[in-house]
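Going by my numbering, 705 is the number at position 68 of the sequence shown; the sequence numbering is gapless.
Backbone N, C-alpha and C fix where the C-beta goes; we use that ideal spot for every residue, glycine too.
Taking it in order: structure first as structure tokens, then the write-up.
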Amino acid sequence: MKRSELFSRILIIVGILLAIGAPLYFWKSTPLIHARMAEDGGWSPDVIQAEVGKPLHLKFTSDDVVHGFAVGQMDMPSVDLPPGKVTEVTLIFDKPGTYTYYCTRWCGLNHWRMRGTIEVTGASTSPESFDQTQAEPVSVPLYVSLDLDIDAPHDAPVIPQQKPSSIRGKQLMIN
């Protein structure tokens with residue numbers, strides 16, 4: 638076997654290994670976020686770290702019923718998370734801060750508790766952030782300005798007799 642032929646074979650093998658291994662490495666390092674009904678823990682993990690300008694790759698799976706995913710302060714459509722399937726989402730933040738993500742599908746009595754935060758660090762990349770005279774004032778969430786404790790127990794006047802079920806949900810989707 639000639640030296641150039643051996644070198645070519647080694648180069649091809651290394652190229653194939655890189656082509657297979659690199660995507661697997663990045664896919665494996667993407668965090669898997671579990672969505673569960675709030676009574677069973679809600680989002681896990683509920684705090685996610687990100688950096689300004691760098692893509693944040695997330696994988697979601699629902700452990701019980703259909704959930705939805707959306708991020709406040711971002712112009713993105715809601716993403717449905719069917720039970721047992723992995724859904725991938727990529728986000729890019731242009732400003733540092735704390736962003737709230739939440740469930741957009743009714744999933745039970747404590748659906749409103751299904752929220753988490755994405756803590757974004759780094760320097761802002763948005764053009765308006767470089768002009769300090771036109772910086773937007775930070776808006777306070779409405780529940781804070783109304784002095785509401787959204788984590789206090791709020792008993793429902795009517796409680797369904799059956800707990801939500803992924804099997805019944807699937808049957809409703811089919812019908």
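Euclidean distance between Cα positions of residue i and residue j
i	j	result
residue 781	residue 788	12 Å
residue 716	residue 707	7 Å
residue 732	residue 705	24 Å
residue 774	residue 746	With a pLDDT of only 47 at residue 774, under 50, the local geometry of the prediction cannot be trusted, and the value read off the model is given with reservation. Approximately 34 Å between the Cα atoms of the pair.
residue 640	residue 648	12 Å
residue 803	residue 752	20 Å
residue 675	residue 739	11 Å
residue 754	residue 794	30 Å
residue 645	residue 652	10 Å
residue 709	residue 730	12 Å
residue 806	residue 800	11 Å
Burial state of residue i, where buried means 16 or more other Cβ atoms lie within 10 Å
i	result
residue 643	exposed
residue 669	exposed
residue 655	exposed
residue 743	exposed
residue 673	buried
residue 679	buried
Beta carbon proximity, residue i to chain D, threshold 7 Å
i	result
residue 752	Protein chain content of the structure displayed is limited to a single chain, and chain D is not contained in it.
Among the options, the one whose alpha carbon lies nearest that of residue i
i	options	result
residue 810	702, 714, 657	702
residue 734	695, 740, 711, 675	711
residue 790	748, 800, 754, 700	748
residue 750	724, 727, 693, 786	786
residue 689	756, 677, 698	756
residue 694	737, 671, 667	667
residue 724	801, 671, 807	671
residue 700	726, 713, 681	681
residue 684	697, 805, 792, 737	737
residue 691	697, 713, 728, 677	728
residue 696	677, 687, 714, 726	726
Proximity test, residue i beta-carbon vs the ligand SAH heavy atom, cut-off 6 Å
i	result
residue 697	You won't find the ligand SAH in this model; it holds no ligand whatsoever.
### Ranges of the beta strand (DSSP E) found wholly within the stretch 721–752, counting only runs of at least 3
723–728, 734–739
### Message
Could you check whether the stretch 713–727 touches the stretch 749–764, counting it as contact only if at least three pairs of C-beta atoms, one from each stretch, sit closer than 8 Å?
### Response
no
### Message
Restricting to runs no shorter than 3 residues, where is the beta strand (DSSP E) found entirely within the stretch 642–721?
### Response
669–672, 684–688, 693–699, 704–708, 716–718
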